[in-house]
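Take a look at the structure set out below.
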Amino acid sequence: MKQALAITCILLLAGCVPPAEQAADTKETDMSSEADIARRLARFAPTELSADLSGVPEGEREVLRELIAAGRLMDEIFLRQVHVGNPELRAGLADSSETMQTYFDVSVGPWDRLDEMEPFMGNLDHPPGAGYYPIDLTKEEFETWLETHPEDREAFTGLFSVVQRKGEGLIAVPYSEAYREWLEPAAAHLRRAADLTSNDSLATFLSSRADAFSSDDYYKSDVDWMDLDSPVEVTIGPYETYEDGLFGYKAAFEAFVTVNVPEESAALDRYKSHLPWLESNLPISDKYKNERGTDSPIRVVDEVFVGGDSKAGVQTLAFNLPNDEKVREEKGSKKVMLRNVLRAKFEKILVPIAERVLAKDQIDDVSFDAFFMESLQHELSHGLGPGKITVDGRETEVRLELKELYSTLEEAKADVMGVYNILALAIKGEMPAKVRDTLEATYVAGLFRSARFGVHEAHGQGVVSQFNYLLEKGALEVDGEGRFRAVSDKFPQGIENLLNEMLMLQARGDYAATSAFLAEYGHPSPELLKAIDRLVDVPVDIRPIYPTADELTG
């Protein structure tokens, strides 16, 4: 009964469900059984992610403690960004089992992130707009409001505001106001860390990011983050827009507290010099290509602690930020490779997947070097291709034109472009032969790894589209045992053709054509589903445990 009362309370507080509908929408349902929750949780393998602190001066350990404290506050903000009623739901689990509480924390809410966001407790459907909009707001109402109130467009579609009801109308509330309770102490932790560090670039970034938490102007701190060169590498603030399933406008708060692995970062640094050539080599007309800054640092780091969006569900193994096109045009973007996460996922997940789904003569071709390089080139690819575009004479961005489809297509584009760029660099002699020789099998196994995050939900459509397109073009095939094989003589051309189609969807900002492409290629075939079924005993992802953070914070 406590569960039903909690949901009823949330809807009443939101003021968005008419009283006559409240009973029907919040009728009591049983929680999933303990066995069911244990089964769900078992898909995430508990994994200790230790970090190598040998390159971190003793005086910077206190800096790490302050950053971890700030990162934990990102958890509280993101909890509310997922759903405004999440704190009440979490409090209502006080008498529930540890397994239930753990899975709520893994999912950051009562919706299963590996099962198309279906509820695993209660019966409240996941709001498409998460906690960024009124729970009952429709696309039509939002767009109608902007048509009649054009002066609100910038604030309503901006990255750093939530939309709320006020009387009969709608208002945009800046993040600095909506989340002040957590942003102010987070800023205080960042300022203390800035005072403690002996690294000037870290102090500069932490100070400007603390200022941004109260101003909602993240430009300067994004530029400062690009210039960050420190044994302690931290990323904290509102970045990705995946959680906003209504429009993809709103940025989620997250934190990565990491330590640099300088020798490995230096070994990869040469790849940033290839970025202008890689842009020029894209398989689209030159008029659709972008000129962005080439100051694109590559960092290899060990993860010490993550918070907020980056902690929810499937764990990030690398990232490419910032997303601000203005910063990208001026400075490029930074690629951060999470070494301890990559190694854990390769050993615990990718290798067992390959053994079950790849053609038997390609299983041994899967390599960590190819997996690592694919991940790097995926992140580099987010900084290549169309960004700012012109549609019907309007200067705009791909993100704004493709709305909620943007993240799906952009992630798939980065997958395909990463492979395309490795093939191109191999031809130039700029890629180790071992990476090229093991690329195809590693890519196919990696698609299965991603497909298990959900083949029917939005992001899964991008993964499935790659399978189906390449199968149609003969670049992949399924053998008599239902195992998948890369067809080497057709694979490069299939990748190039697929990348061209994806880039042109972005270059034209064509929402309707993107929707049609995903509808045509984004549905899993019976062969794909059967292969995924063979992976039932393989973890879907890791559930990180941070012993280094625990040691630092006591």
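Quick note, in this note's numbering, the sequence shown goes up one by one and the last residue is 897.
No residue lacks a Cβ here, since even glycine has one placed at the ideal position from N, Cα and C.
Proximity winner among the options, relative to residue i (alpha-carbon distances)
| i | options | result |
| --- | --- | --- |
| tyrosine 582 | Arg383, Leu814, Ser676 | Ser676 |
| aspartate 780 | Ser831, Arg795, Thr659 | Ser831 |
| proline 775 | Lys731, Met716, Asp543, Ile838 | Met716 |
| lysine 630 | Leu422, Ala850, Leu396, Ser858 | Ala850 |
| leucine 502 | Glu461, Leu480, Tyr562, Met460 | Tyr562 |
| aspartate 565 | Lys703, Lys674, Val879 | Lys674 |
| leucine 848 | Val709, Ile838, Leu861 | Leu861 |
| serine 573 | Gln444, Gly402, Phe714 | Gly402 |
| glutamate 377 | Pro695, Leu407, Trp568, Thr442 | Thr442 |
| tyrosine 812 | Glu824, Asp822, Phe834 | Phe834 |
| leucine 814 | Asn466, Glu740, Arg828 | Arg828 |
| histidine 426 | Ser519, Gly472, Leu457 | Gly472 |
| isoleucine 875 | Ser504, Pro453, Phe791 | Phe791 |
| proline 890 | Ala385, Ser375, Ile411 | Ile411 |
| aspartate 758 | Ala537, Gly805, Glu738, Leu743 | Gly805 |
| alanine 855 | Tyr864, Pro882, Met760, Glu744 | Glu744 |
| phenylalanine 421 | Val505, Trp488, Ala385 | Val505 |
| glycine 591 | Lys691, Arg742, Ile514 | Arg742 |
| lysine 873 | Ala521, Phe556, Asp652, Gly823 | Gly823 |
| phenylalanine 548 | Leu384, Ser519, Leu681, Thr578 | Thr578 |
| tyrosine 749 | Gly852, Ser519, Pro493 | Gly852 |
| glutamate 740 | Ala687, Met760, Arg671 | Arg671 |
Environment of residue i [buried if 16+ CB atoms lie within 10 Å]
| i | result |
| --- | --- |
| serine 550 | buried |
| threonine 540 | buried |
| serine 793 | buried |
| threonine 601 | buried |
| leucine 664 | buried |
| leucine 871 | buried |
| glutamine 836 | exposed |
| arginine 795 | buried |
| alanine 755 | buried |
| valine 879 | exposed |
| aspartate 560 | exposed |
| aspartate 538 | exposed |
| serine 440 | exposed |
Nearest-angstrom Cα separation, counted from residue j out to residue i
| i | j | result |
| --- | --- | --- |
| threonine 785 | valine 778 | 9 Å |
| leucine 432 | isoleucine 770 | 55 Å |
| arginine 613 | glutamate 607 | 11 Å |
| arginine 886 | threonine 390 | 6 Å |
| leucine 571 | lysine 669 | 18 Å |
| glycine 650 | asparagine 843 | 36 Å |
| proline 517 | leucine 589 | 18 Å |
| threonine 896 | threonine 491 | 52 Å |
| serine 397 | phenylalanine 387 | 29 Å |
| alanine 394 | alanine 610 | 19 Å |
| aspartate 712 | phenylalanine 689 | 10 Å |
| glutamate 484 | valine 657 | 32 Å |
| glutamate 773 | alanine 767 | 9 Å |
| lysine 746 | glutamate 894 | 42 Å |
| valine 709 | threonine 751 | 26 Å |
| leucine 846 | valine 643 | 28 Å |
| tyrosine 475 | serine 558 | 19 Å |
| valine 821 | asparagine 840 | 20 Å |
| asparagine 633 | lysine 731 | 8 Å |
| glycine 452 | isoleucine 478 | 15 Å |
| leucine 618 | aspartate 567 | 21 Å |
| glutamate 753 | asparagine 466 | 32 Å |
| glutamine 809 | leucine 727 | 19 Å |
| leucine 392 | isoleucine 888 | 6 Å |
| serine 375 | arginine 382 | 11 Å |
| arginine 508 | arginine 552 | 29 Å |
Anticipated Cβ contact below 8 Å, residue i with residue j, distance rounded
| i | j | result |
| --- | --- | --- |
| glutamate 586 | glutamine 424 | 6 Å |
| valine 684 | glutamate 646 | 6 Å |
| phenylalanine 463 | aspartate 455 | 5 Å |
| valine 807 | proline 729 | Not quite, the Cβ-Cβ distance comes to about 23 Å (not below 8 Å), so this is no contact. |
| glutamate 409 | arginine 523 | The Cβ separation is near 20 Å, so there is no contact. |
| leucine 701 | valine 787 | 6 Å |
| aspartate 458 | glycine 803 | In fact, because the Cβ distance is near 11 Å, the residues do not count as touching under 8 Å. |
| lysine 654 | aspartate 418 | 7 Å |
| arginine 575 | leucine 533 | Here residue 575 is valine; the residue named in the question, arginine, does not match the sequence. The pair is not a contact, with the Cβ atoms about 12 Å apart (cut-off 8 Å). |
| isoleucine 706 | valine 881 | The Cβ separation is near 14 Å, so there is no contact. |
| serine 718 | leucine 660 | 6 Å |
Closer than 6 Å: residue i CB and nearest the ligand NAP heavy atom
| i | result |
| --- | --- |
| aspartate 455 | Of ligands this structure carries none, so the ligand NAP is not represented either. |
Practice problem: Just list the alpha helix (DSSP H) runs in the segment 783-823, keeping only unbroken ones of 4 residues or longer that don't cross its boundaries, in chain order. | Solution: If you keep only unbroken alpha helix (DSSP H) runs of at least 4 residues inside the segment 783-823, you get 801-815.
Quiz item: Taking the runs of the beta strand (DSSP E) that are 3 residues or longer, which of them lie wholly in the segment 505-592?
Solution: Correct list: 512-517, 575-581.
Quiz item: For the segment 662-693, which segments carrying the beta strand (DSSP E) assignment without a break, of at least 3 residues, lie completely within its bounds, in sequence order?
Solution: Taken in chain order, the complete beta strand (DSSP E) segments of 3 residues or longer contained in the segment 662-693 are 677-681.
Quiz item: Which parts of the segment 730-783 are runs of the beta strand (DSSP E), unbroken and 3 residues or longer, counting only runs that do not cross its ends?
Solution: You should have 731-734, 737-740.
Quiz prompt | Continuous beta strand (DSSP E) assignments of at least 3 residues falling wholly in the segment 443-467 | solution = Listed in chain order, nothing qualifies, since the segment 443-467 has no complete beta strand (DSSP E) run of 3 or more residues.
Quiz item: Along the chain, which unbroken stretches of the beta strand (DSSP E) at least 3 residues long are found entirely within the segment 591-662?
Solution: Those beta strand (DSSP E) runs which fall completely within the segment 591-662 and span 3+ residues are 596-603, 641-651.
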